[in-house]
Structure formats: C-alpha cells, structure tokens
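Heads up, the thing below is written out as structure tokens.
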Amino acid sequence: MHYLQITFLILLALEFLYIMYLETFAPQSKQTARVFKLSPQVLQQQEVQTLFKNQGVYNGLLAIAIIVALILGHTLVLNYIVAYIIAVAIYGSFTVNKHIWWKQGIFAWAYVAVTIYLHF
5 MHYLQITFLI
15 LLALEFLYIM
25 YLETFAPQSK
35 QTARVFKLSP
45 QVLQQQEVQT
55 LFKNQGVYNG
65 LLAIAIIVAL
75 ILGHTLVLNY
85 IVAYIIAVAI
95 YGSFTVNKHI
105 WWKQGIFAWA
115 YVAVTIYLHF
C-alpha cells in the first residue's frame, strides 16, 4: 500500500476518533455545539446526548476497524469501509448539511483518488 493511501486512512481514523470523542465524551461541549451547529440547549437534552453517544460508538468502531484492517493489510476491508463512509457522507449531505459529503468524507475521497491514480 502506498504511503499516501496509508496517510489518508490514518487521517480518516483520527477524524472518526475525534467525532467519537465529541459525541461520546463531550456531547455538551462548546466544541461539539460548534462542530455540529447545535445550540447548547439542544445538546443538554438527554435524548440528544443518548443519540450522540450511540452514534459516537459507531464512529469509534469505524476508526478501530480502519486501524486494524490497516495493520493487517486487509485492503478489501479498507475499501469497503471507505465506500461506506463516502455513502454515509453523501446521504448526510442530503439530509443534514450539504457540506457533509466533503467535511466527513474528505480523507475517504482522497484515499479513493490516490487509489484510482495508482491503479491507472
């Protein structure tokens, strides 16, 4: 695997660990409010905190899956995870914020671009 692919995968994993941190461990923080464009009042709601914490676990597990697959050299698994992240980012751009496709997916898109470039 090319060093650029590895770099983008590591950045992708770090991004998802950061999102997990915001959602699971700091759901009421100013940073969480800024990143997700939510008011502090909304973030104080127990239902929102529960939803965030649950979603944070998913993001954390995606990061761990990327790291483990990278260590084990499972390119097919990495490609699937990247495709999954891109699909979710595209869906989020339609349902939440039009900028999510690149904010959440920038490292995944970069990985795909490098992978395509290296194969052609």
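Numbering (the numbering used here), first residue to last: 5 to 124.
Ideal Cβ placement from N, Cα and C applies to all residues, glycine included.
For clarity, every value in this text was computed on a predicted model and none was experimentally measured.
For Leu13, the uninterrupted alpha helix (DSSP H) segment begins and ends at Tyr7 to Met24. With 16 or more other Cβ atoms inside 10 Å of its own Cβ, Met24 counts as buried. With contacts defined as CB atoms closer than 9 Å, Gly77 and Phe20 fail to qualify as a contacting pair.
Annotation for Phe111: the continuous alpha helix (DSSP H) segment containing it runs Ile110 to His123. With three or more CB-CB distances shorter than 8 Å, the region 26 to 37 counts as touching the region 48 to 56. Burial state of Thr79 is exposed, judged by a 10 Å Cβ sphere holding fewer than 16 other Cβ atoms.
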